[in-house]
Structure formats: C-alpha cells, structure tokens
Amino acid sequence: MSAECYPVAKAGGLGDVVGALPKYQNQSGHIAKVVMPMYRTKFLIAHEWEVVHKGYTNLGNWWFTYTIIKEKNNVLDFDLYLVDINGLLDREKIYGYSDDPERFTAFQISVVDWISAWAHQPDVIHVHDYHAGLIPFMIKHCYRYQHLQNIPTVLTIHNAQYQGWMGWDKSNFIPAWDPWKRGMLDWQDTVNPLASGIKCAWKVTTVSWSYLDELRVSANGLEALFEYEKGKCVGILNGIDTSVWDPATDKYIENHFDIEDADIGKLKSKKLLCETFDLDIEKPLIVFIGRLVGEKGADLLPQAMGDSFYHIGRTMNFLILGSGFPEVESALESMKPLSQKDYNVYIGYNESLSHLMYAGADFILMPSRVEPCGLNQMYAMRYGTVPMVRNTGGLRDTVIDYGDEGGYGIRFTYAAVGDVTQAIWRAVELYKDEERLKEIRQQMMQLDFSWETSVKQYIELYKSL
Ligand code: ADP
Numbered sequence: 382m383s384a385e386c387y388p389v390a391k392a393g394g395l396g397d398v399v400g401a402l403p404k405y406q407n408q409s410g411h412i413a414k415v416v417m418p419m420y421r422t423k424f425l426i427a428h429e430w431e432v433v434h435k436g437y438t439n440l441g442n443w444w445f446t447y448t449i450i451k452e453k454n455n456v457l458d459f460d461l462y463l464v465d466i467n468g469l470l471d472r473e474k475i476y477g478y479s480d481d482p483e484r485f486t487a488f489q490i491s492v493v494d495w496i497s498a499w500a501h502q503p504d505v506i507h508v509h510d511y512h513a514g515l516i517p518f519m520i521k522h523c524y525r526y527q528h529l530q531n532i533p534t535v536l537t538i539h540n541a542q543y544q545g546w547m548g549w550d551k552s553n554f555i556p557a558w559d560p561w562k563r564g565m566l567d568w569q570d571t572v573n574p575l576a577s578g579i580k581c582a583w584k585v586t587t588v589s590w591s592y593l594d595e596l597r598v599s600a601n602g603l604e605a606l607f608e609y610e611k612g613k614c615v616g617i618l619n620g621i622d623t624s625v626w627d628p629a630t631d632k633y634i635e636n637h638f639d640i641e642d643a644d645i646g647k648l649k650s651k652k653l654l655c656e657t658f659d660l661d662i663e664k665p666l667i668v669f670i671g672r673l674v675g676e677k678g679a680d681l682l683p684q685a686m687g688d689s690f691y692h693i694g695r696t697m698n699f700l701i702l703g704s705g706f707p708e709v710e711s712a713l714e715s716m717k718p719l720s721q722k723d724y725n726v727y728i729g730y731n732e733s734l735s736h737l738m739y740a741g742a743d744f745i746l747m748p749s750r751v752e753p754c755g756l757n758q759m760y761a762m763r764y765g766t767v768p769m770v771r772n773t774g775g776l777r778d779t780v781i782d783y784g785d786e787g788g789y790g791i792r793f794t795y796a797a798v799g800d801v802t803q804a805i806w807r808a809v810e811l812y813k814d815e816e817r818l819k820e821i822r823q824q825m826m827q828l829d830f831s832w833e834t835s836v837k838q839y840i841e842l843y844k845s846l
C-alpha cells in the first residue's frame, strides 16, 4: 500500500520504488500486488480498468462508498488496484490539499475494509510511509478488523520528515478501537501515523542502513522512538530499475553506450547538452538534478558555484535541473546572465532531460542534508557519471571516495559551501587525469544496484515473520 507508484503517480523516490519492487518480487516467484489511491492522472485515462469490489464504510460520522478498480492488462507486470473515493482522492495532485488527513485516512480504511472481505488473507501487508502508516494499527486494534490481526505487517520508511500529524479531534476518523491502545497512535499529543506505524508494524525498514542510524539522532521528533524500536528496524537499500535506467537501451537518449564505448557515447550526449545549453564541451560538466529544497542542499549551489568560479577559475561547467523553493529558483536564474558559456539552469520537471544529463555529465553533485537512499547517484554511476556526495544516508552506503581503497566517487563531510567548493576542485583535478577517470567510469558501470539483491532481502524479511 502506497500513495505513489511509478508510472501511475510519482513525486519522488517512493514512486520509483513501489513501481519496481513488486515487479521484481513477482519475477522471483512471489505474488505482489499494489494498492494506491485513484488520482486523476494520465495513466488512469490511458488504461483499461475493471471494478473488483465496492464497499460502504465510514470516516467518523461520514459514510461513503468506495470502489476498487484493477488495471486489466497487467501492463506493469503486477496487479495494480486503485481505490476510488468520489470527491476525496480523484484529484490531479497527490499531496498538498488541506484535507489530506481525511483523504489518506479514508484511503487506508477502504483498503483494510476491502481486505477484510477477501476469502484468502495475504501473507504479508507491506505499507509505505505515513500515508499507509495507520494500517498496522487498524489491523491490530480496531474491533471490526480483528480477524486480520495475525497478518504480519512491514512498514518501509522512505522519508521520516513527513509524518502525517493529525489533531486528536480527528482520532474518531479511525474505526472504533481499543481505548487502552491510545498510546499506539500518539506521539507528543498528536495522532502521528508514521509513529503509529513504527510502533505497530511487525518490522520496520528504512531505505539504507546509514539513514536508520541517523534517524536515532535526527528524525524530526521521532529520535527516541527509533532508539526504542531499533530491534525491529533494518535497512534495505533501494535498487534501480535497470530495464528503465540502462545507457544501452534508454528510450530518452539517442546515443546509446555500454561499458566498452562509454567515453565516446558520453561525449556525444555531452555535446548535445553543451549545444542546447550553450556550454563549453572542453570543460568538465557538473550537474545537479533534483528538488530545489533544503533537504537536498540546493540552497548551497549558488554560492558554491560562484566561489568555485572565483577561487578555482572558470574551468568547469554547471547545469542544474530542478524546481522547488522560489528563492533558490530565482538565485539560480539570476546567475544565467553571468555565464561565460559555463553555466545554465532549467527550472521544472523534465524526465527526458534528466536521462540526457545522467548520460552526458562528467559529475553529479548531491550536497544533501538528508538522503534516505538517493537514486540519482545510482542512476549516474550506471551511466558512468561520477557522484560528488555528502557523507550521509544512502549516499554514504553507495559511494566510496576515490581516494580510498576501491573507491570511485567524491565524498565530503558537511553540507556547507566550503566543502562543496572543495569537492568541485577535486572533480576538476580528477577530470585532468583522463586515465584515472576512465578507470573510475568502468568501475562504476560494473557496480550492481539492481533490485534482485534488495528483493531477496525483503523476501527473507517476510519469511522471518
Ligand atoms: P527524492 O525522492 O527525495 O526526491 P530520490 O533521489 O529518491 O529523491 O528520487 C529522485 C527522482 O526524481 C530521480 O528519479 C530523479 O531523476 C527525479 N527527479 C527529481 N527532480 C527532477 C526534475 N526536475 N526533472 C526530472 N527528474 C527529476
């Protein structure tokens, strides 16, 4: 159960994971199905659906009908079910409405209500992030679902910053529950769906080991809970969907390449980028792709780039793709006129440009303050692009500094302008050493970030329950 699933609806890494994990679980001989809200998306309109269930239930005093529809042609290689609650879920955006608590609580009630009508029970219920975080509680402690309470539940946390807080006045949304279990919903006097999921799920996973360690000291208020529940928490690194992210077949790029002809293939994509964005092909190309928000350290970019030009010289190109905080967007835009064929920015979301950038860039910069797993660095490495990452979360678990034994990337300690500038200097130096760069590219392109490894770990975890 999840609020996102690529390509149906994606806002970030959660969508990528839920779109890929079940596919690979099915390939390994299991049956995984995805249930998510029915938003008004292009995917919905473009595909055929059948109604599999209709139910009638309540959110507090409000009684409603919900409908479960299933995609008919199995286009995603797993069964996909959408929950339609008229007026509540069928909107264009995934998040950001003032009634999000009502929307996601009604979604979860409908899912549990539907499952309680199944003839066979699932072996495991796997919920993702706070939008599905109340399900383990409902199964355990709501009177009307008590026949489900032996179904093991797993909660995966993709981002603990967002917890779905609701005032206690909204606790009557949840179907009648054992009042002795109030503490299983509560965290610091609010109903906290993520905290409830951590308390009630049989197992909790995070999308990297280092992120799990960090949550015990920094988790937007849940630190003590992560410390207390550490016995049931494990880290399982996300994989990447290698059928979508493969430089030899990528449908978004013209000049395909593999490990044998990576240098020439990358150069062709770089040429295209440099022509399109008026950059100098002779200089190393350093890119940033992602949400322009504090979590990603995007606010550091303008000064770090300015300092690099000033202190290191105009010996590198920067190309930025993203959208987010208006002040970061305008700071990046305002640098455009100062470019000497070495800087450009594209504000917005552009899937095909992102693929071309992974293919054509020499380096990708990720000065994240928080990075639960991070997919960009894994995509980049598969396309032979050297990651420059802050030493945090999944970045720490996937990138080894090229100065260390067996290393291939550039790592730095602080999300601070000085550290980022120094990393840029090291990238410029590495670019001068053609032989070393070539070796590093070859090494990175052979790394295995495929889903197969992660799927095995999830299956082992399910079996342990
Ligand atoms: P998060 O989920 O925190 O945003 P992840 O690294 O887990 O970060 O996933 C980010 C995904 O979104 C990657 O697939 C990345 O390529 C994509 N992405 C982010 N911003 C953009 C953008 N502006 N245009 C195209 N793709 C983007």
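Quick note, our numbering runs 381 ahead of the 1-based positions in the sequence shown.
Glycine included, every Cβ here is placed at the ideal spot set by N, Cα and C.
Keep in mind that this is a model prediction, so the values were computed, not measured.
Residue i, enclosing alpha helix (DSSP H) - first and last residue
i	result
residue 771	Careful: residue 771 lies outside any alpha helix (DSSP H), inside the beta strand (DSSP E) at 767 to 771.
residue 848	An answer regarding residue 848 cannot be provided, because it is not within the stretch 382 to 846 covered by the chain.
residue 482	481 to 496
residue 399	394 to 408
residue 574	574 to 581
residue 686	682 to 692
residue 777	774 to 779
residue 737	732 to 741
residue 821	815 to 826
residue 717	Note, residue 717: premise wrong, no alpha helix (DSSP H); not H, not E.
residue 611	Per DSSP, residue 611 belongs to no alpha helix (DSSP H) and is neither H nor E.
residue 426	423 to 427
Three-state class that DSSP yields for residue i in the structure shown
i	result
residue 831	strand
residue 596	helix
residue 508	strand
residue 515	coil
residue 630	coil
residue 523	strand
residue 386	strand
residue 724	strand
residue 798	helix
residue 757	helix
residue 671	coil
residue 635	coil
residue 678	coil
residue 792	strand
residue 764	coil
Length of the line joining the Cα atoms of residue i and residue j
i	j	result
residue 771	residue 792	6 Å
residue 787	residue 446	58 Å
residue 628	residue 609	44 Å
residue 851	residue 504	Residue 851 is absent from the structure shown; the chain starts at 382 and stops at 846.
residue 841	residue 617	11 Å
residue 506	residue 544	20 Å
residue 595	residue 682	24 Å
residue 388	residue 463	13 Å
residue 808	residue 693	11 Å
residue 699	residue 760	19 Å
residue 412	residue 755	27 Å
residue 845	residue 572	30 Å
residue 825	residue 816	14 Å
residue 538	residue 530	22 Å
residue 728	residue 677	15 Å
residue 479	residue 469	11 Å
Cβ separation of residue i and residue j, assumed to be a contact under 8 Å, to the nearest whole Å
i	j	result
residue 383	residue 436	Not a contact, Cβ separation roughly 20 Å.
residue 532	residue 502	6 Å
residue 747	residue 762	Going by Cβ atoms, the distance from residue 747 to residue 762 rounds to 12 Å, so no, they are not a contact pair.
residue 558	residue 522	5 Å
residue 830	residue 620	6 Å
residue 611	residue 597	7 Å
residue 564	residue 536	Not confirmed; about 17 Å, so no contact.
residue 589	residue 774	5 Å
residue 703	residue 744	At roughly 16 Å, the Cβ-Cβ gap does not stay under 8 Å, so residue 703 and residue 744 are not in contact.
residue 566	residue 552	7 Å
Chain D within 8 Å of residue i, Cβ atoms only
i	result
residue 650	In the structure shown, chain D does not exist; there is a single protein chain.
Proximity winner among the options, relative to residue i (alpha-carbon distances)
i	options	result
residue 777	758, 815, 672	758
residue 625	832, 508, 592	832
residue 485	461, 523, 389, 385	385
residue 697	623, 541, 528, 811	811
residue 726	451, 752, 657	657
residue 419	391, 573, 710	391
residue 687	712, 677, 707	712
Start and end residues, beta strand (DSSP E) containing residue i
i	result
residue 338	No information on residue 338 is available, as it lies outside the stretch 382 to 846 that the chain covers here.
residue 462	460 to 466
residue 454	Counting along the chain, residue 454 falls outside any beta strand (DSSP E), and DSSP gives it neither H nor E.
residue 744	744 to 747
residue 418	414 to 418
residue 646	Run containing residue 646: none in the beta strand (DSSP E); it sits in the alpha helix (DSSP H), 643 to 658.
residue 536	534 to 538
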